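Notes to accompany the following structure.
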Amino acid sequence: MTAPEQTFRNKKQRKQQVKLRKPGFAVAKYVRMSPRKVRLVVDVIRGKSVQDAEDLLRFIPRSASEPVAKVLNSAKANAVHNDEMLEDRLFVKEAYVDAGPTLKRLIPRARGSANIIKKRTSHITIIVAEKGAK
Numbered sequence: 229m230t231a232p233e234q235t236f237r238n239k240k241q242r243k244q245q246v247k248l249r250k251p252g253f254a255v256a257k258y259v260r261m262s263p264r265k266v267r268l269v270v271d272v273i274r275g276k277s278v279q280d281a282e283d284l285l286r287f288i289p290r291s292a293s294e295p296v297a298k299v300l301n302s303a304k305a306n307a308v309h310n311d312e313m314l315e316d317r318l319f320v321k322e323a324y325v326d327a328g329p330t331l332k333r334l335i336p337r338a339r340g341s342a343n344i345i346k347k348r349t350s351h352i353t354i355i356v357a358e359k360g361a362k
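Under this note's numbering, residues 229 to 362 are what the sequence shown spells out, in order.
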């Protein structure tokens, strides 16, 4: 016998009931920064507690630390608000940076030729979890 089919009023209620979304998950897309430069910052905070990661990001002298801090703050807020996790037990479970689309711009050079300037973008993803949880 199969279980009776559940009915939901809307998509949001179904997602909350079925847990289709990832807990403690946040992503920033199309950040106008090279993925290579952002990875240098993300590698520092991977595996650290959220409080330590926030302190590190505040004092890292790189421009990529600002968008990474925003994504970390969003992941922390999602975990506390949506998934009822305890804020003081959170740590950075996963953090990675993927390359987004590259904007190509032409710059004129000598004798009517041109060079291509590649303006790279990044997708920053951070997942936080509770210590001691599976």
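Ideal Cβ positions, reconstructed from N, Cα and C, are used throughout, including at glycine. Computed from a predicted model, the values in this text were never measured in an experiment.
**Report entry** LYS250 vs PHE319 beta-carbon contact at 8 angstroms
**Finding:** Cβ distance not < 8 angstroms, so LYS250 and PHE319 don't count as in contact.
- Task: Assuming VAL269 contacts ARG290 (C-beta within less than 8 angstroms), just tell me the rounded distance between them.
- Result: Contact holds; Cβ gap of about 6 angstroms.
query = Who are the near neighbours of MET229 in its chain, counting only those whose CB is closer than 8 angstroms to its CB and skipping five residues on each side?
reply = Reliability of the predicted coordinates at MET229 is poor, the pLDDT of 49 falling under 50, and no value is obtained from them.
Looking at the structure shown, is MET229 part of a helix, part of a strand, or coil, going by DSSP? At MET229 the pLDDT is 49, less than 50, meaning the model places this residue with poor confidence and gives no usable figure here.
- Message: Comparing C-alpha positions only, which one of ASN306, ALA305, LYS265, LYS298 sits nearest to ASP326?
- Response: Answer by Cα proximity: LYS265.
| Proximity of PRO295 and ILE352 at Cβ, strictly below 8 angstroms | Cβ distance < 8 angstroms, so PRO295 and ILE352 count as in contact.
Inset, instruction - Spatial neighbours of ARG348 within its chain, please: CB distance less than 6 angstroms, with the 5 preceding and 5 following residues excluded, ordered by chain position. - result: The residues are SER262, THR330.
*Which residue's Cα is closest to the Cα of LYS359: ARG337, VAL278, SER350?*
Of the candidates ARG337, VAL278, SER350, VAL278 places its Cα closest to the Cα of LYS359.
Name the residue from ASN310, LEU284, LYS298, VAL272 whose alpha carbon lies nearest to the alpha carbon of LYS257. Taking only the C-alpha atoms, the option nearest LYS257 is LYS298.
Is LEU331 helix, strand or coil when you go by DSSP? Residue state, collapsed to three classes: strand.
Member of ASN301, LEU284, ARG267 whose CA lies at the smallest distance from the CA of TYR324: Among ASN301, LEU284, ARG267, the Cα nearest to that of TYR324 belongs to ARG267.
Of all the beta strand (DSSP E) runs that stay within the bounds of the region 253-330, which reach a length of 3 or more residues? The qualifying runs are 253-259, 318-327.
Checklist entry - How many Å lie between GLY252 and ALA342 at the Cα? => result So the alpha carbons of these two residues sit roughly 46 angstroms apart.
LYS346, buried or exposed, once every other Cβ within 10 Å from all chains shown has been counted against 16
Flag for LYS346 reads exposed.
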